[in-house]
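Chemist: Pasting a structure here, questions to come.
In UniProt numbering, the protein residues as written are 1 to 251.
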């Protein structure tokens, strides 16, 4: 195997050895959201004029699980390696910054997709699946997990302790995820909050992903694809720069 493939395998084994915590637990959490919100709002909310609330909720929960776990995987791996001092062994290898980037982001995407698949399979008992445009599902699943995995790399490089990592996740990732339209359509919001929602890149990931299931969305999937693609290009450029310069890892 090449260098990046070895690091990729190491990262996959890292989360797979505790798969009950890294894969099964997020699936259970998503199911609790479905049971609670679906039970309370199923007969009170109808979306896009014809969709049941439970069917509308499923793609949002799948994408939310993928985004949160993509971020958690890369960020936790880097911060743990920094705090435990094991990151120095990677610095001794001739791996390029691109190899680091590919391995950490790739492993995080794999974990996220496994969680997403687990959530989707578990929700089959509650809502019949729809696949209006499968390629949009694939495109936004890959782009969304890549974006959050890359943000996780940046957060892991920036943070020096777990408190900083928790602040990054609790005050940035979590609010942007919950306010992205996972549990509601932004068309139900007042005009001001609709405008605010359009400033949240997470909204475009959720909305484009949901379009792949139902063929309807709050904005054009092409606009969503452009926003998410541009956001990933920008954060990837920053992450590669930080890795190339050894930001906070070559002290």
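Ideal Cβ positions, reconstructed from N, Cα and C, are used throughout, including at glycine.
Please classify residue 245 as buried or exposed, where buried requires at least 16 neighbouring CB atoms within 10 angstroms.
Modeler: Here residue 245 corresponds to residue number 245 of the chain shown, with the count starting at 1. The residue in question, residue 245, is exposed, as its Cβ has fewer than 16 Cβ neighbours within 10 Å.
Chemist: Determine the DSSP secondary structure at residue 52, reduced to helix, strand or coil.
Modeler: As a position in the chain shown, residue 52 is number 52, starting the count at 1. Here residue 52 sits in strand by DSSP.
Chemist: Would DSSP call residue 74 helix, strand or coil?
Modeler: Taking the first residue of the chain shown as 1, we reach residue 74 at position 74. Of the three classes helix, strand and coil, the one that applies to residue 74 here is helix, per DSSP.
Chemist: Under 8 Å, do residue 177 and residue 64 count as touching if we go by C-beta distance?
Modeler: As a first step, residue 177 is located in the chain shown; it is residue number 177 there, counting from the start. As a first step, residue 64 is located in the chain shown; it is residue number 64 there, counting from the start. Their beta carbons are under 8 Å apart, which means residue 177 touches residue 64 by this criterion.
Chemist: Can you have a look at residue 186 and say buried or exposed, based on whether 16 or more other CB atoms are within 10 angstroms of its CB?
Modeler: Translated into the one-based positions of the chain shown, residue 186 becomes position 186. Burial call: buried.
Chemist: In or out: residue 220 buried (at least 16 other Cβ within 10 Å) or exposed?
Modeler: Within the chain shown, numbered from 1, the residue matching residue 220 stands at position 220. By the 10 Å Cβ count, residue 220 comes out exposed.
Chemist: Could you check where the alpha helix (DSSP H) with residue 5 kicks off and where it finishes?
Modeler: To locate residue 5, count along the chain shown from 1; it is residue 5. First-last of the alpha helix (DSSP H) with residue 5: 3-16.
Chemist: Contact defined as beta carbons within less than 8 Å: I believe residue 71 pairs with residue 141. What is the distance between those atoms, to the nearest angstrom?
Modeler: One-based indexing of the chain shown puts residue 71 at position 71. One-based indexing of the chain shown puts residue 141 at position 141. At roughly 15 Å, the Cβ-Cβ gap does not stay under 8 Å, so residue 71 and residue 141 are not in contact.
Chemist: Tell me the rounded alpha-carbon separation between residue 122 and residue 160.
Modeler: Here residue 122 refers to the residue found at position 122 when the chain shown is read from its first residue. Here residue 160 refers to the residue found at position 160 when the chain shown is read from its first residue. If you take the alpha carbons of residue 122 and residue 160, they lie about 37 Å apart.
Chemist: On a Cα-Cα basis, can you pick out the residue from 131, 92, 152 that is closest to residue 108?
Modeler: Numbered from 1 along the chain shown, position 108 holds the residue referred to as residue 108. Of the candidates 131, 92, 152, the one whose C-alpha sits nearest the C-alpha of residue 108 is 152.
Chemist: Taking the runs of the alpha helix (DSSP H) that are 4 residues or longer, which of them lie wholly in the region 108-176?
Modeler: The region 108-176 contains these whole alpha helix (DSSP H) runs: 134-158, 162-168.
Chemist: Taking 8 Å as the cut-off, decide whether the C-beta atoms of residue 26 and residue 105 are in contact.
Modeler: Here residue 26 refers to the residue found at position 26 of the chain shown. Here residue 105 refers to the residue found at position 105 of the chain shown. No, they are not a contact pair.
Chemist: In or out: residue 2 buried (at least 16 other Cβ within 10 Å) or exposed?
Modeler: Taking the first residue of the chain shown as 1, we reach residue 2 at position 2. It is exposed - the Cβ of residue 2 has fewer than 16 other Cβ atoms within 10 Å.
Chemist: Here's the rule I'm using: 16 or more other beta-carbon atoms within 10 Å means buried, otherwise exposed. How should residue 163 be labelled?
Modeler: One-based indexing of the chain shown puts residue 163 at position 163. Exposed, since its Cβ has fewer than 16 Cβ neighbours within 10 Å.
Chemist: If we count Cβ pairs, one from each stretch, closer than 8 Å, do we get three or more for the region 78-98 versus the region 49-58?
Modeler: No, the region 78-98 does not touch the region 49-58.
Chemist: Our contact map puts residue 112 next to residue 69 with C-beta atoms below 8 Å; I'd like the distance itself, whole angstroms only.
Modeler: For the purposes of this step, residue 112 is identified with residue 112 of the chain shown, where counting begins at 1. For the purposes of this step, residue 69 is identified with residue 69 of the chain shown, where counting begins at 1. Sure, about 5 Å apart at Cβ, within 8 Å.
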